[in-house]
Structure formats: C-alpha cells, structure tokens
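Asks: These protein sequence lines map, in sequence, to chains A, B and C. The numbers in the first sequence follow this note's numbering, run straight up by one, and end at 547. The numbers in the second sequence follow this note's numbering, run straight up by one, and end at 319. The numbers in the third sequence follow this note's numbering, run straight up by one, and end at 520. Just so it is clear, CB atoms sit at the ideal spot from N, CA and C, and this is done for glycine as well. Here it is, the structure in full.
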Amino acid sequence: MPDPSGPDAPRPSRTRRFELKTWGPFIALGILVILGTLVNPVFLTPNNLVNVLTRTAFTGIIAIGATFVITTGGIDLSVGSLAAFIAGVMIMVMNALQPAGMAPLSVVAIGMVAALALGVGAGLINGLLVTKGRIEPFIVTLGTMGIFRSLVTYLANGGTLSLNMGTRGFYRPVYYGDLFGVTYPILVYALVATVGAVVLYRTRYGRYVTATGSNEEVARYSAIKVDRIKLAAYALQGACVALAVVLYVPRLGSASATTGLLWELEAIAAVIIGGTILKGGAGRIWGTVAGAIMLALIDNILNLTGAISVYLNAAIQGCIIIIAVLVQRDAKGRR
Amino acid sequence: MKWTLGIAALAIGMLCLAGSADAAAKKTMGVSIPAATHGWAGGLNWHAQQAKAALEKKYPDLTIALVTAGSATRQANDLEDLVSARAIDALVILPFESDPLTEPVRQVKKAGKWVTIVDRGLTDPTIQDLYVAGNNPQMGANSANYMKDKLGGKGNIVVLRGIPTVIDNQRVDAFMEIIKKTDIKVLDMKYANWNRDDGFKVMQDFLARFPKIDAVWAQDDDITLGVIEAVKQANREKEMWILGGAGMKEMIKRVMDKDTFVPADVLYPPKMIADAMELTASKLMENAQLKKEYIVDATLVTPENAAKFYYPDSPF
Amino acid sequence: MPDVVLAGRAISKSFGQVQVLFGVDFAIRRGEIHALMGENGAGKSTLMKILGGYQPASAGTVEVDGAATVLRDSGDAERLGIVMIHQEFSLAETMTVEENIYLGREVVRHGFLDRATMREGTRKVLAELECPVDPDARVGGLSVSEKQMVEIAKAVSRDVRVLIMDEPTAVLTGAETEILFRLIRRLTAQGVGVAYISHKLTEVKAISDRVTVLRDGRWVETRPTAELSPDDIARLMVGREISDMYPPRLPPPDDAPTVLAVDHLSIPGWVRDASFTLRRGEILGFAGLVGAGRTELMEGLVGLRRRTAGEVRATGVAEPIRTIDQAVAAGIAYLTEDRKGKGLLVDKPLTPNLTLLALARYGRIFVDRAAERRALVAAIAEHRIKTADLDARVASLSGGNQQKLLIAKTMQVEPKILIVDEPTRGIDVGTKHQIYLFLAAFVAAGGSVVIISSELPELIGLAHRVVVMRDGRITGTLSGADIEENEVVRHATGLKGAHADA
C-alpha cells in the first residue's frame with residue numbers, strides 16, 4: 213500500500229477532460245441559435261427573442277419541477293392536465309370574487325394563492341399515491357392526468373372559462389409587462405431556475421433527491437426518509453405548475469379542455485434533452501432550461517421560414533430532439 | 004366487499020327497470036358525438052344537451068340516449084351498445100372520423116335503424132337516411148369573398164390553418180381558389196391546430212417576421228382569440244383586422260358591437276347537431292317528410308345579422 | 019508449449035492516466051486450474067476481462083492456441099470457447115433460469131422457440147451442477163448462491179474450452195463450494211482450462227494446479243501450487259510478512275456497562291424471539307449459515323425492517339429504538355453486507371457517498387461543500403482508501419476500497435455501536451487485516467461492535483463472544499475457549515444448543 217501523501221496520492225482532477233455530455237445541451241442550443249439567424253435575421257431581434265423566452269416560461273417552469281421528480285426516479289404525466297385544471301379553478305375563483313366588489317389586486321392575489329394551494333395539493337395527492345399507495349408513478353399520474361383534464365372540461369361545461377374583463381385588464385401586465393425590456397414571465401422563470409439549481413445542487417434536500425433516484429435502497433439504509441423526499445418532489449412539481457398557470461392565465465384570460473395539452477411531454481422532453489437521466493439519480497437544472505428553450509426555438513424557427521413544408525414540422529422537431537440527445541452520448545464503452 | 008356487491012345489484016336492477024319502462028310504443032333515439040375536447044365540440048355538446056331536453060319535453064314518448072366518445076374506436080363501441088343495450092330506433096351521429104366509422108354505422112343501418120349523419124360524411128353516402136352538415140368549401144369561399152371586398156382586392160394577409168384534415172383542406176382550397184384571382188398576397192400559412200395557444204404563438208412569429216400585414220384569416224374562433232392577444236401585445240391593432248369562423252359567442256358579440264378589429268365571422272355552427280336531432284325526432288314521432296340532405300349555410304355574420312346567432316348561455 | 023489454449027503476453031492496460039497492468043504474462047493450459055492471486059486492485063479482474071474479450075489491452079497480445087488473436091468483444095471470445103463468469107452477475111433478473119441459460123443462442127425450430135429442448139438442456143446442466151433450481155423460476159427470485167450456480171450453468175452449457183471464474187465461491191456455502199469444485203475437476207478432466215480468481219488461500223491450495231501472483235499491476239510469481247504454502251502465497255501477494263492476522267484481543271473489564279439490549283425481537287418471516295446484550299468495549303460475533311436470519315435481525319434492530327414484537331434499548335437513550343433515525347441518533351450504525359445494492363451509490367463520486375448518512379452535520383439546509391471535501395481528504399488518509407482521483411466514481415474503486423469507503427461513511431456519524439455485516443467478503447488479505455485493526459481500535463477507544471461473518475476464523479480471531487443463529491433463532495452464545503469451529507458448527511446446524519433438533 214503506497215503512502216497516501218506520496219506521488220500516488222489522489223488529486224482533484226484539474227485537467228478535467230472536455231465532456232460533451234456536460235456541455236451537449238448548451239452546444240445544441242448554440243447551434244440552434246445560429247441556425248435560426250441563418251433562416252431569418254428577424255430571429256435575433258430582441259422582440260422575437262423576448263417573445264420566445266416568454267413563451268418558454270410555462271413549460272420551462274414546469275420542467276424545473278419535472279427535473280426534481282425525474283431525478284427521484286419518478287415521473288409526472290399529469291402536469292399538463294393539472295395546469296388546465298388550476299387555470300380553470302383560478303379563473304372561476306377570480307370571476308366569483310370580482311362582482312363582490314373586491315379590489316382587483318385582492319382578487320388576483322387570492323386567485324394566485326388558490327392556484328398555488330391547488331397545485332401543491334394536487335402534487336401531494338400524486339406523491340401520496342406513489343409513496344403510501346405504492347403505485348408506479350407512471351400509473352398514478354396517468355390516472356390523475358385523465359382526472360384533472362376531465363374536471364376542467366366539466367367545470368367549463370365542455371367550453372371555455374373566460375376571465376371577466378375587469379380583472380383581465382388588471383392582471384394582463386403579469387404576462388405582457390416587463391422590466392427593462394425583460395418580461396415578467398422571463399424574470400420569474402430565471403428566478404425559479406436559479407432557486408431550483410441551488411436547491412438541487414447545494415442543499416441537503418437536493419442531495420437526498422439525487423441519492424433516492426440513484427439507489428433508493430442505499431438512500432433508505434442511509435437513514436433518509438425516502439417517502440418524504442419523493443412526496444416533496446411531487447409537491448414541488450405541483451407548485452411549479454401553479455406558478456406557470458399564474459403566468460399563463462393573463463395571456464389569453466381563458467382556460468378550456470385544450471389548455472396545457474401535451475405540456476407534460478414537452479416538459480419531460482426538455483428535462484431529457486437537458487441531460488437528466490430518465491431513470492433518475494442525476495438531475496441537471498440548467499440543462500433543462502436549455503432543453504426547454506430549444507423546444508420553443510424549434511417552433512419559432514419553423515414559423516419564421518416559409519422554406520419548409522408545414523407538413524414536415526413535426527418531423528423536423530423530432531429530428532432535432534433526437535440529434536440533441538445523441539450528441540450527449542459519450543464515446544462507446546463509457547456510461 | 005359486501006356493500007359494493009349490493010350497490011352493483013341495485014344498479015343492475017335499476018337498469019332493468021329503465022329498460023322495461025321503454026318497452027311499450029315508446030321510441031328511443033341514440034345520439035353519438037365526440038367528447039368536448041375543444042371549443043367547437045364543447046358547443047356541440049351543449050347544443051345536443053339542450054336539444055335532448057327540449058325534444059324529450061315535446062315528445063313524452065321519446066327517450067334520447069346521448070353518448071360522447073374520446074376516439075373513433077370508442078365511438079364504434081358506443082354504437083354497438085346503443086343498438087344492443089339501449090334498443091334505439093334511430094341514430095344521429097357526428098362521426099369522429101369518416102373512414103373508420105363507415106362500417107360500424109352500416110351495421111346499425113343493417114339492423115333496420117334510421118341513420119342521420121352530421122357534419123362528417125361517411126365514405127359510403129348510401130348508408131345514410133339523412134345528412135345534416137355545415138358547408139366547408141362555402142365557409143372558405145365566403146371568407147375569401149369577404150376579405151376580397153373589404154381589402155379592395157389587394158393587400159397582405161396571413162393564414163392560420165387548423166389541424167391537417169379534410170375539413171381544413173376543403174376550407175383552405177376554396178379560400179385560395181378565390182384569393183388567387185385577386186392581388187391579395189398570402190404571406191404565409193401555418194397550422195395553429197384550432198387552438199388558442201398555438202394561434203398566439205404562430206401569430207407572434209408572423210408579427211415578428213412580416214412588417215406589414217393588412218388582415219388575418221384565422222379560420223376558427225379559438226385561433227382568433229390567440230391571434231387577438233398577439234396583435235394587441237405588438238400594438239398593431241390599427242394595422243390589421245381578423246376574420247375567424249365557427250360562431251363563438253365572444254366573436255359574435257364583438258361583431259354585434261361593431262368592433263373594427265373583428266368586423267365579421269363566418270358560421271360553422273355547432274347547433275347543427277340540434278337541427279339534426281330535431282329533424283330525426285320529427286321523422287320518428289310524426290313521420291314527417293324530410294329531404295335527403297340539409298346543408299347548414301356558412302352564413303357571413305355582420306353587425307346587421309349578428310343578434311340572430313348570439314347564444315349567450317352556450318359555452319361556445 | 020503446444021498445450022497452452024489461452025495466454026496473455028506482456029499485457030499492459032491504462033484507464034486514462036492510470037496504468038493498472040504493467041507487461042503481465044499469464045497462460046492457461048489444457049486441463050489445468052490456474053489460480054490468479056493478488057490483493058484488491060492488483061489488476062486480476064482487469065487481466066481476466068482482457069482475456070475474456072471484455073476490454074482491449076493497451077499493449078501486449080492475447081494468444082489463442084498459440085496464435086495472436088484480437089478479441090473485439092466477449093462474443094468473439096465465446097465463439098472461440100472462452101467464457102467468463104463475472105463477480106457481478108450478468109443475468110436478466112426478470113427472465114427465467116432457462117431463458118437466461120439460452121439467452122442469445124435460443125434453440126429455434128420452424129421459426130419458433132423450441133422450449134422443450136431448451137428446458138431439457140437446462141435440466142441436464144443443472145443436474146450436473148447438483149443444483150435444485152426450477153428451470154422456470156425467475157432469476158430475480160433466486161438466492162445469491164443459486165444465481166451464481168445459474169451463472170456457472172450458463173457458462174458450462176456453452177461449448178467451453180477456457181473458463182474464467184472471478185471469485186466464484188465468494189457467495190457460496192461450503193457444500194455448494196464442494197459441488198462447484200467437483201464440477202470444475204470434471205471439466206478439467208475433459209481438457210477445459212480454468213483460470214480461477216479467489217481470495218481464499220485454502221481454497222486455492224485445494225483446487226489449483228498452478229498459482230500466479232500479481233501485485234500492484236505487475237507479475238510477481240508463477241509456480242506449481244504444490245510448492246507453495248498458503249503463507250507463502252499471502253507473502254507474495256502483500257509483498258511483506260503478515261505477522262499476526264488478528265490484533266490482540268483486549269477483554270472488556272468485568273464491570274463494562276451494557277450499551278445495547280435486544281429483547282425478544284421478532285422479524286416476520288426471518289427471526290423469532292431473539293434476545294442479546296452488547297457491552298461497552300466488546301466485539302460480539304454472529305455466526306450461522308446463510309439464511310439463518312442474522313442480517314435480518316440486525317436490519318430489524320436498527321429499524322430498517324418491520325418487526326412484530328420485541329424491544330431494542332440503547333443505554334442512555336430514554337425511548338426504545340424503532341426507526342433508523344432513532345438508531346443513528348442513539349449512536350448505532352449498521353454497515354450492510356450488500357455494499358453495492360444498499361451501501362454505496364456506485365454511480366456517484368466519493369464525496370456524496372461519504373457524507374450521505376451524516377449530511378445533517380454538513381449544514382441544516384445548505385451543504386457545506388468545502389467541509390465535505392475536507393472530510394473526504396481526511397477519510398482517504400485515515401482509512402487508506404486508494405483512488406487515483408478525488409472526483410472518481412465509486413464504481414471505479416476496487417472492492418476493498420469500496421468497503422473502506424463504506425466504513426468511512428458509517429464513521430461519519432461517530433457511532434458508539436457499530437454493526438458490521440460480512441465486512442471482509444470479497445476482500446484481499448491486506449485490506450482484511452486493516453479492517454480487523456480498525457475494529458480493534460474502535461472497541462479499544464470505548465466503542466462496541468457486532469460483527470456478522472460467515473468466515474469462522476474471523477469470528478474466532480476477533481470476537482469476545484459469539485452468538486450462533488439457526489433458522490431465525492438464537493441457539494447459543496459462546497465465549498472464551500468455547501469459541502472454536504466445531505462448537506459453532508454444531509450450534510449452527512442444530513446438533514447442539516437451544517431449539518436443537520431432537
């Protein structure tokens with residue numbers, strides 16, 4: 213056994229190899245930006261970029277929550293339906309309060325609180341069914357996905373729930389307003405991503421999330437309350453969905469059965485494009501941000517060009533997603 | 004365990020009772036429509052429910068069995084149940100898709116039932132006893148004519164399409180047929196999936212891309228809602244106006260109020276299901292004489308006639 | 019040498035900047051059993067993986083039947099009749115025994131699987147191994163030793179000329195080992211060459227014809243086994259004399275207080291009515307056959323398993339212990355026998371593993387990463403963990419170093435009572451010795467140890483008292499001169515003690 217302080221002593225790897233795996237999502241994002249600029253110079257205008265980033269905010273914020281759930285080894289398919297349900301309830305709450313003569317500020321504030329409470333509550337239900345009910349997360353959230361979707365259809369009577377005009381005017385700036393040219397949804401998104409990164413990378417909870425997803429048994433044997441960690445992840449996901457809805461409702465002021473359709477797939481795709489492992493144990497918040505922005509950019513770029521047949525949109529999207537994940541694969545033989 | 008069994012037994016008993024009550028000279032009409040998964044279908048469901056209530060009141064001996072399906076396969080299953088379990092005498096159906104439902108409906112016809120097809124025609128039109136539909140090509144053509152007149156035959160427009168389907172193609176083809184003969188330039192067309200969020204996104208990108216747009220053909224009122232918000236955000240309401248379609252109450256209201264931003268709408272009314280049910284019921288209960296086809300006009304709604312098409316209680 | 023079937027000539031191997039093999043020679047002749055010995059990290063497994071086609075060599079050649087051959091993958095090797103049995107099982111857990119044995123070379127007739135032939139073949143090979151496993155059983159439901167037998171069955175059912183076995187007996191009982199040895203001898207009699215890695219010196223002495231010893235990636239010696247005593251082999255492996263394997267045993271003073279009292283504990287399906295006490299400064303051994311319920315008793319004790327009756331009390335703690343948090347808070351730490359499955363996050367770097375159990379000590383909400391780093395450097399020095407890189411993943415460490423990391427992780431909570439479960443399984447002599455010294459020092463400093471081991475010499479060499487279990491019951495507690503092999507075996511097999519067979 214060599215002396216640990218000798219030449220064989222371990223050292224931090226300063227000459228860290230350039231790892232495609234780590235930088236993949238950001239490189240792909242960069243390539244996409246160049247591509248967009250080539251397609252149409254309008255792409256790089258602040259106006260267009262702000263538009264795209266603002267749109268990204270909803271699924272982007274949801275994807276931050278999804279990063280946590282997926283890192284614990286779970287999955288939440290119910291987020292899109294939950295978004296629609298929360299949007300519906302929030303609109304109904306605000307519509308009910310407004311005629312009562314309440315100040316618009318209080319109406320909107322109560323609406324937001326109701327949305328957050330509902331989001332966290334729904335997340336807890338998912339989490340409890342997964343942890344206490346011992347049901348596969350895929351099945352639990354597939355079930356609640358259908359439940360939330362049909363609840364909003366029921367509340368809207370099959371049609372659309374629309375926010376009363378008075379409240380809408382007051383609430384509208386939350387989506388459309390800006391601070392030095394950066395819209396509020398972008399600011400909130402940046403904040404949520406930063407908080408998410410700090411929680412996942414710097415806190416005890418974040419470490420436990422990763423450990424749980426990496427090997428649940430090891431976590432349990434390390435005196436970690438695995439069930440609580442998972443439950444909190446689903447609640448966090450619910451809160452993220454609610455936050456996204458709070459930003460979404462002022463955009464169109466309405467919710468219907470089509471609200472948030474397929475958001476769950478977009479969020480999960482953003483997480484995986486970002487380099488988080490689907491089976492859990494390794495989450496990457498900034499990768500998820502890059503993934504979400506990429507998905508929005510693809511749509512945007514296709515809309516900015518007339519050169520590609522609209523019939524091929526989905527095919528182009530699919531190719532770009534697959535390529536983005538492909539470039540992250542390491543050389544053969546290493547995991 | 005015990006009490007679930009009890010409830011199941013009770014439920015079965017009630018079903019039997021309900022079945023025997025129908026037995027006499029009473030008639031049953033089955034109505035099968037797609038579930039309310041978007042605005043227009045929501046209106047469809049509302050009108051169907053309204054018509055069911057009204058018709059059951061008008062004809063005490065008529066029972067209407069209304070079922071909704073989330074997919075073509077489910078709808079085919081529904082048809083089997085309607086014939087075998089509910090013993091219907093007539094069927095009113097808005098098929099989810101034309102092809103997959105042609106054979107299931109043929110089976111209903113073979114069982115000797117009256118068949119009314121609504122909106123989406125089957126691949127074999129000989130099956131139907133009655134056909135009630137909106138007029139997709141006419142909707143496209145009326146929209147084009149209105150835009151041509153209002154723009155004075157020239158200008159820049161953008162088009163937001165629906166979901167890639169036959170309906171969308173029929174509308175857009177008829178629209179382009181007329182626009183081609185004018186000096187109106189279609190800057191681009193993109194799919195917005197009859198969805199307001201997609202309408203918002205596509206319009207935002209159109210606005211970023213094209214500095215001068217005179218008018219927007221959104222084709223559908225759900226899309227229109229998204230387009231309105233996108234244009235408002237860009238502060239370009241003065242520059243352009245929008246023509247939607249279908250007859251959503253919010254849009255009819257705007258037309259009624261002489262909104263210059265949304266000056267008109269073209270009908271493709273979900274109320275057609277109610278018309279079809281009413282016609283079928285009159286045949287069933289009074290043996291009324293009916294034409295083979297009732298095509299609901301794609302009427303242009305302007306401030307002059309808007310009040311006629313305004314249903315404030317409908318969800319659509 | 020015309021009878022050499024597989025050989026490595028001047029094999030070198032580097033992973034990144036770390037070289038693990040330096041020009042090693044190794045040859046397997048027809049019909050011989052050639053043991054490969056060395057401490058953990060000496061490069062045995064890497065050499066075998068190169069010969070088995072799993073990894074390419076950085077330098078040197080692999081020769082099959084005397085001709086230089088490039089093995090691109092394990093499939094190439096298998097086609098040449100070279101089959102390797104891994105330390106980590108390469109079985110599909112959700113598939114049946116039969117499906118596993120025929121995986122990748124299913125018998126097909128008229129385009130359909132010929133289940134009858136495959137089942138018959140499976141039955142035959144399992145019978146040869148005297149292994150009473152149902153061909154239709156799912157592998158996931160088998161015990162560890164049964165899985166090992168299936169793995170061996172899978173290998174021998176192929177047309178094998180060279181069999182490479184990496185610690186095949188680490189998880190087998192004595193009787194199963196005997197069966198395996200008979201099988202190996204039958205294979206060699208048919209001319210199969212066997213490369214055999216093991217840490218068990220007596221076993222190597224018993225079965226092998228020749229021994230090659232590696233140390234720190236270099237070839238040290240190749241000699242006929244008959245010329246070497248176990249002590250010689252150990253000396254060659256370590257490179258120095260191992261004077262005393264076990265440290266001197268200091269008995270706890272007679273008035274040493276009881277620190278842990280377990281009262282009538284029952285774990286459903288495993289343990290009935292177990293009671294024992296542990297004193298300060300004591301090493302308490304637990305002996306018994308595999309499946310006697312020792313691991314389950316300890317897991318139930320610390321709150322990792324549901325229990326139906328009984329009570330656990332630690333001295334100085336008012337509440338009885340029910341959950342793992344309470345156990346950790348009371349200063350009781352359990353070191354699992356399943357290092358990779360329950361002990362360490364093998365895909366993660368060293369640091370998060372080291373601090374996972376004691377993370378609360380590194381910050382209530384935010385984790386102090388600089389402190390974690392310092393702890394890692396300290397732990398590496400204290401426990402002499404060999405790693406090339408502080409940011410390496412646990413999977414890249416050898417088994418012995420993983421075990422040392424697991425001990426370091428457990429010690430992070432500064433326990434007063436350490437429960438260690440098979441702490442030296444699959445570990446080389448040098449590291450074993452180091453772990454024994456560590457346990458002795460721990461009790462000398464006022465701690466107490468419960469050690470479960472299936473290696474009797476270990477319990478005899480270390481423990482002050484030995485509790486023997488059989489079929490979920492404690493059948494006896496031995497102390498002093500009674501701690502000897504025969505006495506333990508008689509209690510463990512039911513010939514003697516409480517609940518003995520009539």
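1. For R432(A), which residues in chain C fall below 9 Å Cβ to Cβ?
2. Quick one: which chain A residues come within Cβ less than 7 Å of K366(C)?
3. Determine, using beta carbons only, whether R416(A) comes closer than 9 Å to chain C.
4. Any idea if R203(C) is buried or exposed, counting beta-carbon neighbours within 10 angstroms, 16 or more meaning buried?
5. Taking one C-beta from the stretch 397 to 404 of chain A and one from the stretch 268 to 288 of chain A each time, how about it: are there three or more such pairs within less than 8 Å?
6. On the DSSP bridge assignment, give the partners of I100(C) in chain order.
7. If contact means a Cβ-Cβ distance below 7 Å, which residues of the stretch 441 to 473 of chain A contact chain C?
8. If we ignore side chains and look at the alpha-carbon of each, how far apart do S293(A) and S426(A) end up?
9. Give a yes or no on whether the C-beta atoms belonging to F319(B) and G247(B) are separated by under 9 Å.
10. Which one of I282(A), T517(A), L341(A) has the shortest CA to CA distance from V483(A)?
11. When the distance is taken between beta carbons, is R239(B) closer than 9 Å to N515(A)?
12. Roughly how many angstroms separate the alpha carbons of Y413(A) and R419(A), rounded to a whole number?
13. What do you reckon, are the CB atoms on V299(B) and G137(B) nearer than 9 Å?
14. In terms of DSSP beta bridges, what is F304(C) paired with?
15. Using only the alpha-carbon positions, how far apart do L229(C) and K165(C) sit?
16. Check whether the Cβ atoms of V168(C) and I100(C) sit closer than 9 Å, and answer yes or no.
17. Can you tell me the Cα-Cα spacing of D407(C) and L368(C), whole angstroms?
18. Is L20(B) close to chain A? Criterion is C-beta to C-beta, closer than 9 Å.
19. Alpha carbon to alpha carbon, what distance is there between L524(A) and L474(A)?
20. Does N307(A) get closer than 9 Å to chain B when you measure Cβ to Cβ?
21. Can you check which of these residues, G499(A), V291(A), L265(A), is closest to F360(A) by C-alpha distance?
22. Within this structure, are the beta carbons of E503(C) and I470(C) separated by less than 9 Å?
23. Leaving out five residues before and five after A86(C) in sequence, what residues of the same chain have Cβ atoms less than 6 Å from its Cβ?
24. With a 10 Å radius around its C-beta and 16 neighbouring C-beta atoms as the bar for buried, classify K172(C) as buried or exposed.
25. Do you know how far the Cα of Q420(C) is from the Cα of K204(B)?
26. Quick one: what's got a C-beta closer than 7 Å to D122(B)'s C-beta in the same chain, skipping five residues either side?
27. In chain order, what residues of the same chain have a beta carbon less than 7 Å from the beta carbon of E505(C), not counting five sequence neighbours either side?
28. Quick one: complete alpha helix (DSSP H) runs, 4+ long, within the stretch 416 to 497 of chain A?
29. Interface residues of chain A around H41(B) at Cβ under 8 Å?
30. Taking the beta carbon of M377(A) as the centre, do at least 16 other beta carbons fall within 10 Å, making it buried, or is it exposed?
31. For a contact meaning CB atoms closer than 8 Å, what does A378(C) contact in chain A?
32. Beta carbon of L363(C), beta carbon of L377(C): below 9 Å?
33. Run through DSSP, which three-state label would F312(B) get?
34. For chain A, is any of its Cβ atoms less than 9 Å away from the one on K294(B)?
35. I'd like the span of the alpha helix (DSSP H) that includes I292(A), first residue to last.
36. Using C-beta distances below 6 Å, list every residue in its chain close to V234(B), excluding the 5 sequence neighbours before and after it, in chain order.
Replies: To lay it out plainly:
1. The answer, in chain order, is L322, I342, K360.
2. For K366(C), the neighbours in chain A by C-beta distance under 7 Å run, in chain order, S426.
3. Yes - at least one Cβ of chain C is within 9 Å of the one on R416(A).
4. Exposed, because fewer than 16 other Cβ atoms sit within 10 Å of the Cβ of R203(C).
5. Judged by Cβ distances under 8 Å, the stretch 397 to 404 of chain A makes contact with the stretch 268 to 288 of chain A, as three or more pairs qualify.
6. Bridge pairing for I100(C): V180(C) [DSSP].
7. If the cut-off is 7 Å between Cβ atoms, the stretch 441 to 473 of chain A has nothing near chain C.
8. C-alpha separation (whole angstroms): 29 Å.
9. No Cβ-Cβ contact shorter than 9 Å links F319(B) with G247(B).
10. Here the closest residue by C-alpha is I282(A).
11. No, the pair does not count as a contact, with Cβ atoms beyond the cut-off.
12. Separation of Y413(A) and R419(A) (C-alpha to C-alpha, rounded to the nearest whole angstrom) is 7 Å.
13. Going by beta carbons, V299(B) and G137(B) fall inside the 9 Å limit.
14. In DSSP, F304(C) forms a bridge with I470(C), V485(C).
15. The amino acid at residue 229(C) is misidentified as Leu; the sequence shows Val. Cα to Cα, V229(C) sits roughly 27 Å from K165(C).
16. Judged by their CB atoms, V168(C) and I100(C) are not nearer to each other than the 9 Å cut-off.
17. Approximately 10 Å between the Cα atoms of the pair.
18. Any reading at L20(B) needs caution, since the residue's pLDDT is 45, under 50, leaving its predicted position unreliable; the model's value is listed next. By this cut-off, L20(B) is not an interface position.
19. So the alpha carbons of these two residues sit roughly 19 Å apart.
20. Cβ-Cβ to chain B under 9 Å: no for N307(A).
21. Of G499(A), V291(A), L265(A), the residue nearest in Cα terms is V291(A).
22. Contact annotation: E503(C) and I470(C) have beta-carbon atoms that are not nearer than 9 Å.
23. Taking C-beta separations shorter than 6 Å and ignoring five residues to either side along the sequence, the partners of A86(C) in its chain run T79, following chain order.
24. The residue is buried, with at least 16 neighbouring Cβ atoms inside 10 Å.
25. If you draw a straight line from the Cα of K204(B) to the Cα of Q420(C), it is about 53 Å long.
26. Within the same chain, D122(B) has close Cβ partners L97, A136, G137, M275.
27. If we look at E505(C) and ignore the five residues flanking it on each side, its Cβ neighbours are L496.
28. Positions of the alpha helix (DSSP H) runs, each at least 4 residues long and wholly inside the stretch 416 to 497 of chain A, are given as 416 to 426, 428 to 433, 438 to 464, 475 to 485 in order along the chain.
29. Within chain A, the residues near H41(B) are S468, A469, T470.
30. With fewer than 16 Cβ atoms within 10 Å of its Cβ, M377(A) is classed as exposed.
31. Near A378(C) (Cβ distances below 8 Å), the residues of chain A are R416.
32. Not a contact, by the Cβ cut-off of 9 Å.
33. DSSP places F312(B) in helix when its eight states are reduced to three.
34. Not one chain A Cβ lies under 9 Å of K294(B).
35. The identity of residue 292(A) in the sequence shown is Gly, whereas the question assumes Ile. Here the alpha helix (DSSP H) through G292(A) covers 291 to 309.
36. These residues qualify, in order along the chain: E240.
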